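Report on one structure; see the data block that follows.
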Amino acid sequence: MDDMRLRNQKPDVAGRSLLLNVIFVLLNVTGVVLTVIGFHESTSDSNSLVLSIMGMSLIAISLFVLFMLKGLFLFSYVARAFVGGLFIVSGLVKANDPWGFAFKLEEYFSPQGLTADYGFFGWFADYTLELSILICVAEIVLGAAVILGGKIKLASWSLLLMMIFFTWLTWYTASCNANQMLAMETGQEFTRDCVTDCGCFGDALRGSVGRSLTPYESFWKDIVLFYFVIIIFVNQWKINLNSIKENWIMVPASMVVIIFFSYVFDMWWFPIFFGLIALLGSFVIGNINIGKMAKPWKMAAYVSLLALIFSLYTSHYLPIKDYRAYAIGNNIKEQMSNGIPRISEWKFKYKNLQTGKEELFDASEYEVYGDTTMYEYVGREEIVIDPGKDPSITDFVATLEYEKLTDAEKKIPYVDSLFEWDYENYYEEKMILTHDYGADTIAALEYDTLFYPDSLYKAGDVYWDLIDPSAPWVIDMTQYLLNSENLLLMTIRDIENINEGSIDDFSELLTKSKEANIPFYVLSPATAEQISTFKSKYNFDATFMQFDGTEIKIIVRSNPGLVWLQNGTVKDKWPSRSIPDFDSIFEDEIENQHE
43 MDDMRLRNQK PDVAGRSLLL NVIFVLLNVT GVVLTVIGFH ESTSDSNSLV
93 LSIMGMSLIA ISLFVLFMLK GLFLFSYVAR AFVGGLFIVS GLVKANDPWG
143 FAFKLEEYFS PQGLTADYGF FGWFADYTLE LSILICVAEI VLGAAVILGG
193 KIKLASWSLL LMMIFFTWLT WYTASCNANQ MLAMETGQEF TRDCVTDCGC
243 FGDALRGSVG RSLTPYESFW KDIVLFYFVI IIFVNQWKIN LNSIKENWIM
293 VPASMVVIIF FSYVFDMWWF PIFFGLIALL GSFVIGNINI GKMAKPWKMA
343 AYVSLLALIF SLYTSHYLPI KDYRAYAIGN NIKEQMSNGI PRISEWKFKY
393 KNLQTGKEEL FDASEYEVYG DTTMYEYVGR EEIVIDPGKD PSITDFVATL
443 EYEKLTDAEK KIPYVDSLFE WDYENYYEEK MILTHDYGAD TIAALEYDTL
493 FYPDSLYKAG DVYWDLIDPS APWVIDMTQY LLNSENLLLM TIRDIENINE
543 GSIDDFSELL TKSKEANIPF YVLSPATAEQ ISTFKSKYNF DATFMQFDGT
593 EIKIIVRSNP GLVWLQNGTV KDKWPSRSIP DFDSIFEDEI ENQHE
């Protein structure tokens, strides 16, 4: 009864001094920022210690003062707005691309990933998409719950347990990468496949600010979130479902957080509209009489349904905001050449025989390190001035194996044009020589009766064959694809689990492409046997090019998918469930181009 009475009494938000509590909440947040900067990898050692001590001191002092001034409840409002807004945006970014997050989970659950150390994670390997959608929906619902104050005890416990797990996971990821780096430096074997990007914000950070969080940054992101979740957790007994007055504070405050991250994520405004619909709609749904269902449960069900519908839509079709390098409108050639070269210099490392310390020297300082009585050579060390940046696209490489081409495919103009230049680099005339003990195959140019007398050898047929059968002629079709005026590409990442209902649409596209003389090719990592089975099963006479399976996942999430290229620019792309009619593409894209 006492507990119920406490919960029904609305605590004083102002505490003993509203002004002082506001000041020390701001100081606490400042302390968090300074601590994170102090521990960041880019902060110099000298500044790191100072900033860390300042930050942690501010956190400790401000928490003590807030406790004495009864200001922790006020702090919980700030924490709820920040955590709630961030969880909604984080959940939406992943829900925008559930397959992308599922692929990230596959990395974690791979035999040499997290599963290698904790075998039970392997149980989830077959349910990554389902788990991806569940996590997205859970984040969005928990974000809305802490903003609105609904079922806060359940929400705060759920947040706490979720943050314990994800903080541990990002710590594990950061440790794995650190151990891998150490193994590389010391030349030791390392058998783990470390995840280099936690997938916390999908591809949104990489596609907006140019890079994702490092494993160490992801760990500190979760530490900060964990801290604010604890503030909510310790105040849970004081938090009830918002009053109208509280909603006028909490909803705008959380929307500021959502707007900020929407701006960061390349000005993607959808989270703002979703946040408003979810939070404002909850008020309406919560007041509708639905049997004996309590108001918080009605609100949670409404937000869950919204998040689930959005996740299911994007998982069945394509992300509504594409942050990847293959987004519609991007030119693949430009994305392959937008990297920044790494800049570094090498220095000689010598051991000072008097002090025992290792010192670095420029090559021009020979007069110093050349004194063998003072210095002993240790090796060289690379000093990175600018780490540079990899191009946005590094693995767009499409190939054909000449031996596996049909006669019709060998007549593809680009392939045919390579004969004159490359054919003799891979093929030569060979001759069969028979003798009493069997037969030998030699290069026709090597045949000389001086070495192969007619009395012992009989010359047989001459034919063209690979110089080295273990090194087949692989034709690089990349530039052909990127420079074609108009091109349709079908992508198949998993030929064994394809959406069979879409094959008729692709077959029609293939037929009409041939009639209109529009190149149509299939990019897939499938084996020759799998491709042969597929062609026979579906009577699908298309040219398959070998392509990296991971890169196909990036191009189009759907299996299969369709991409329209014009001179390397992604003009459009479609999932298997909405393949357009060829005539409409032809009229809209090709005829307009020639008007």
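Just so you know, this note's numbering puts 597 at position 555 of the sequence shown, and the rest follows in order with no gaps.
The beta-carbon is built from N, C-alpha and C at its ideal position, and this holds for glycine as well.
As the structure is a computational prediction, the values presented were derived from the model and not from experiment.
In the DSSP assignment, the beta strand (DSSP E) including D518 goes from what residue to what residue? V516 to D518
What does the Cβ neighbour count give for T238, buried or exposed, with the cut at 16 atoms within 10 Å? exposed
Using only the alpha-carbon positions, how far apart do L255 and G398 sit? 38 Å
Between which two residues does the beta strand (DSSP E) holding L105 run? Looking at the DSSP string, L105 is not in any beta strand (DSSP E); the run it does join, the alpha helix (DSSP H), is D87 to M110.
Where M43 sits in the DSSP three-state scheme: Caution applies to M43, whose pLDDT of 41 falls short of 50 and renders its modelled position unreliable; the model cannot decide the point.
CB contact flag (K393, D404, <8 Å): no
Pick out whichever of I425, E259, S497 and E527 has its Cα sitting closest to the Cα of N373. E527
Compute the Euclidean distance between the alpha carbons of Y355 and A349, then round it to the nearest angstrom. 10 Å
At the level of alpha carbons, what is the spacing between L60 and Y119? 13 Å
Between V55 and P338, what straight-line distance do the alpha-carbon atoms span, to the nearest angstrom? 22 Å
Counting Cβ pairs closer than 8 Å, one from the stretch 136-149 and one from the stretch 174-188, do we hit at least three? yes
Please state whether DSSP places F562 in a helix, a strand or coil. strand
Taking the Cβ atom as the reference point for each residue, do N70 and L105 lie within a distance shorter than 8 Å? yes
Contacting residues, own chain, Cβ-Cβ under 7 Å from Y522 (five flanking each side not counted): Y456
Please go through the same chain and pick out, in chain order, the residues whose beta-carbon is closer than 7 Å to the beta-carbon of F628, but skip the five residues on each side of it. A558
Start and end of the beta strand (DSSP E) containing N394? I385 to N394
Alpha-carbon spacing of Y494 relative to D449, whole angstroms: 36 Å
In terms of alpha-carbon separation, which member of V183, D159 and A102 lies closest to A137? V183
Pick from E550, V516, N282 and D518 that is closest to M532, judged by C-alpha positions: E550
Which residues DSSP lists as bridging Q588, in chain order: T441 and S566
Are there 16 or more other CB atoms within 10 angstroms of the CB of W616, so buried, or fewer, so exposed? buried
Apart from the five residues on each side of it in sequence, which residues of its chain come closer than 6 Å, Cβ to Cβ, to V135? F243, G244 and A246
So, A121 versus I189, is the Cβ gap smaller than 8 Å? no
Close Cβ partners of D625 (< 6 Å) along its chain, the five nearest in sequence each way excluded: none
Report the residue from V276, Y411, D428 and F81 whose alpha carbon sits nearest the alpha carbon of G421. Y411
Among residues of its own chain, excluding the 5 on either side of V131, which ones have a beta-carbon nearer than 6 Å to its beta-carbon? I300, F303 and P313
Counting beta carbon pairs with one atom in the stretch 506-515 and one in the stretch 424-438, are three or more of them shorter than 8 Å? no
Within its chain, find whatever has a CB closer than 8 Å to the CB of V74; leave out the 5 residues flanking it on each side and keep chain order. G97, I101, V266 and Y269
First and last residue of the beta strand (DSSP E) that includes H82? Looking at the DSSP string, H82 is not in any beta strand (DSSP E), and its letter there is neither H nor E.
Taking the alpha-carbon of L322 as reference, which of V564, Q154 and I286 has the nearest alpha-carbon? I286
Does the distance between the C-beta of V564 and the nearest non-hydrogen atom of the ligand SAH fall short of 7 Å? Only the bare structure without any ligand can be found here, which leaves the ligand SAH out of the picture.
Taking S544 and Y359 to be in contact with their CB atoms under 8 Å, please state how far apart those CB atoms are, rounded to whole angstroms. S544 to Y359, Cβ: 12 Å. No contact.
The alpha helix (DSSP H) spanning I330 covers which residue range? Where I330 is concerned, there is no enclosing alpha helix (DSSP H), given that its DSSP letter is neither H nor E.
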